[in-house]
Amino acid sequence: MKLKEGNNMLINLVSILLMGVFIYALVVNFRRGNFAYSFVMYVGAIIFYANFYHNLSRGWAFWLMLIMLLASIALAIYFIYRAIECQNNRHHYWGAVALSGLTVLLVLLFNLLL
Numbered sequence: 001m002k003l004k005e006g007n008n009m010l011i012n013l014v015s016i017l018l019m020g021v022f023i024y025a026l027v028v029n030f031r032r033g034n035f036a037y038s039f040v041m042y043v044g045a046i047i048f049y050a051n052f053y054h055n056l057s058r059g060w061a062f063w064l065m066l067i068m069l070l071a072s073i074a075l076a077i078y079f080i081y082r083a084i085e086c087q088n089n090r091h092h093y094w095g096a097v098a099l100s101g102l103t104v105l106l107v108l109l110f111n112l113l114l
């Protein structure tokens, strides 16, 4: 039993670390205008978030879901702000709108399924 608890802790730590790395890479690539890489980094962050969420107890999972819901809303607002800020460049505009829409969609999906 202790080996399983230690293994879950290691999985959680690795998931948190990789989720942070993917979120950092998402922000860096988005600022540089690399939207394809931003999308891949976003999907990677969501995958490791789901892995971390899956291993939590019910009490912690609720609070993490609440925090991630607020963070996802903030991220969507940031993406929309960037889209409005750079309307001259349609490519940037549609990349920002697509990522913000995906953010809201995935948050709703997680709330309904998990």
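The sequence shown finishes on residue 114 if you use UniProt numbering, and the numbering steps up by one all the way, no holes.
We treat Cβ as the ideally placed atom computed from N, Cα and C, and that holds for glycine.
Keep in mind it's a predicted model, so treat the numbers as computed, not measured.
Go ahead and pull the three-state DSSP assignment for residue i.
{"i": "residue 56", "result": "coil"}
{"i": "residue 33", "result": "coil"}
So the candidates are the options; which of them puts its Cα closest to the Cα of residue i?
{"i": "residue 72", "options": "43, 7, 54 and 56", "result": "43"}
{"i": "residue 78", "options": "20, 26, 18 and 7", "result": "26"}
{"i": "residue 18", "options": "52, 30, 34 and 37", "result": "52"}
{"i": "residue 101", "options": "24, 39 and 28", "result": "39"}
Between the beta-carbon of residue i and the beta-carbon of residue j, is there less than 8 Å?
{"i": "residue 22", "j": "residue 45", "result": "yes"}
{"i": "residue 55", "j": "residue 16", "result": "no"}
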